[in-house]
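First up is the structure itself, then whatever we jot down about it.
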Amino acid sequence: MGAADKWLLPLVSVSFVSLLLFLSALSGFSASSLLFARLPPASYVRRGAAAPPSFAYLLSGNRGEGRKLLRLLLAVYHPRNRYLLHLSADAPESERAELAVAVAHAAPAMRAFGNVDVVGRPTAGTPMGSSGLAGTLRAAAALLRLDADWDWFVTLNAADYPLVTQDDFIHVFSSVPRHLNFIDHTSDIGWKESQRVQPIIVDAGIYLAGRNQFFQATEKRATPDGFKFFTGSPWVILNRRFIEYCVFGWENLPRTLLMYFTNVMLPQEGYFHSVVCNSDFRNSTVNNDMRYMVWDDPPQMEPHFLNTTHYDEIVESGVPFARKFRENESLLNKIDDRILRRWRHRPVPGAWCTGRKRWFNDPCAQWSNVNIVRPGPQAEKLRKHMDQILEKSTAGNNSCTQ
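FYI, the numbering for the sequence shown is 15 to 416, going by the working numbering.
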């Protein structure tokens, strides 16, 4: 195992995880290297421009959200994709190990395809300060290393949930140009200039093991004029080439902006946005985060928690994801039952699942061709939404120049 892989927790048995916790010097193993008996063989996953797209998911949560992350994973799982689960540094090691064990036993396909990993050496999970951005970039770098062929990088939080199946999602994105980046952004920063842009923040998480605060300087700094400052939603769907640009930085812009955003209060609401709009990727943006959220007017720091009163609007929205949800919110069960057709503790059945669907039998415990998708009713609504936002983005108004 390479040194770069050692911060990933494996998908292993309970007894082996206990051994790992005892032997604390060993921090992780490659999930794909573990052998599990009596599993159907992983079928061939086609890659490339002529194949359906694949997605690299970063699923993030905080202390006490391991079960929410597992449910989210099952709701967005597909053998074609890659998944990295991150529980923040404030979560105990026992919860992280429990999550790895739960994932290992969640679905046979996850073990057979070896496409799910759990971060073993986490970063802070708060959006305040640079630790969260560092964790996102680190996860993106790991996903680039783990899988050479995914097309888009998707960030989700434990408070998120899908509104379409992965068959729907893959089907609609199959006809989307793969150079596009879906990122809500604006240079009209307004009140944020004095409250979010100019304050100087020092994140204690970058030099203290137990981060519990950040420090704000008494003076402010001027708004940048060496580049144009953009802000927007921290939830993004970014294409692989742009992620490679941010991680490898063959130009100096990603590194320069990373140094600047190290001292910004909410860097995940500005870093990717400013990099994409100040680089040659500026013409690749679609100004939409593909999320359903309900906000106050004017918007506050966080959107409202969703409940069953929002169901009809959610169904008709056509977007692939929604937030925020509380754990065990009854609306999640309604989405599972009516939209995803997902049974409890099981992945969403798709065209790749070939087993019989019975209450005692998981149809996704057996599989065949994972390169075929079977879109459902929500796919048409997602298609309509996609057509609308793509038409708006190509109407002659580049949002990066406004």
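The beta carbon of each residue, even a glycine, is placed where N, CA and C say it ideally should be.
Note: Leu346 is not bridge-paired with any residue in the DSSP secondary-structure output. Of the candidates Leu267, Cys291, Tyr325 and Leu87, Leu87 places its Cα closest to the Cα of Val130.
Here the alpha carbons of Asp198 and Asn302 stand approximately 4 Å from one another. Going by beta carbons, Leu170 and Ile328 fall outside the 7 Å limit. With 16 or more neighbouring CB atoms inside 10 Å of its own CB, Met124 falls in the buried class. Under a 10 Å Cβ-count criterion, Lys395 is classified as buried, with 16 or more other Cβ atoms of the shown protein chains found around its own Cβ. Taking one beta carbon from each stretch, the region 278-296 and the region 232-246 have 3 or more pairs nearer than 8 Å; the two touch. Excluding residues up to 5 positions away in sequence, Ile257, Glu258 and Val261 lie with their Cβ nearer than 7 Å to the Cβ of Leu158 in the same chain. The region 144-207 contains, as complete beta strand (DSSP E) runs of 3+ residues, the segments 166-171 and 174-176 (chain order).
Here Pro93 really is in contact with Val384; their C-beta atoms are around 4 Å apart, less than 8 Å. Spanning the alpha carbons of Glu233 and Ile215 requires a straight line of approximately 10 Å. Annotation for Gln230: the continuous beta strand (DSSP E) segment containing it runs Phe228 to Lys234.
Taken atom to atom, the span from the alpha-carbon of Val250 to that of Ala70 is near 12 Å. Arg337 is the residue among Arg337, Arg85, Ser189 and Ser344 whose C-alpha sits nearest the C-alpha of Glu316.
Remark: C-beta atoms of Arg61 and Asp104 do not approach each other more closely than 7 Å.
Between the alpha carbons of Asp202 and Asn277 lies a distance of about 20 Å. One thing to note: Pro377 has its Cβ no nearer than 7 Å to the Cβ of Pro389.
Classified as buried, Met279 has 16 or more neighbouring CB atoms from the shown chains inside 10 Å of its CB. Going by beta carbons, Arg254 and Asp165 fall inside the 7 Å limit.
Taking the Cβ atoms as the reference, Thr140 lies roughly 16 Å from Arg152, outside the contact range of under 8 Å.
Ile349 and Met304 have their C-alpha atoms some 17 Å from each other. In the three-state reduction of the DSSP assignment, Ala336 falls in the strand class, which pools E and B. For Asn95 and Trp366, the gap between their C-alpha atoms comes out near 13 Å. Remark: C-beta atoms of Leu271 and Ser288 approach each other more closely than 7 Å. Linking Arg360 to Val300 through their CA atoms gives a straight-line distance of about 33 Å. Cα atoms of Gly80 and His119: separation of roughly 14 Å, rounded to the nearest angstrom.
The three-state reading of DSSP puts Gly75 in strand, counting E and B together. In the structure shown, Asp294 falls within a coil segment according to DSSP collapsed to helix, strand and coil.
In terms of Cβ geometry, Gly143 and Phe196 do not form a close pair [threshold 7 Å]. If you ignore the 5 residues before and after Ala379, its C-beta comes within less than 6 Å of the C-beta of Pro122 and Gly369, all in its own chain and listed in chain order. With distances taken between CA atoms, Thr237 lies nearest to Phe275 out of Gly219, Phe275 and Trp264. One alpha carbon belongs to Ser68, the other to Asn347, and they sit about 26 Å apart. Shown here, His399 sits in a helix according to DSSP, grouped into three states. Along the length of the region 58-109, whole beta strand (DSSP E) runs at least 3 residues long occupy 69-75 and 96-101, reported in chain order. Residues of the same chain with a CB within less than 7 Å of the CB of Glu112, apart from the 5 flanking positions on each side, are Gly80 in chain order. Between Tyr306 and Ser344, the gap from beta carbon to beta carbon reaches 7 Å or more.
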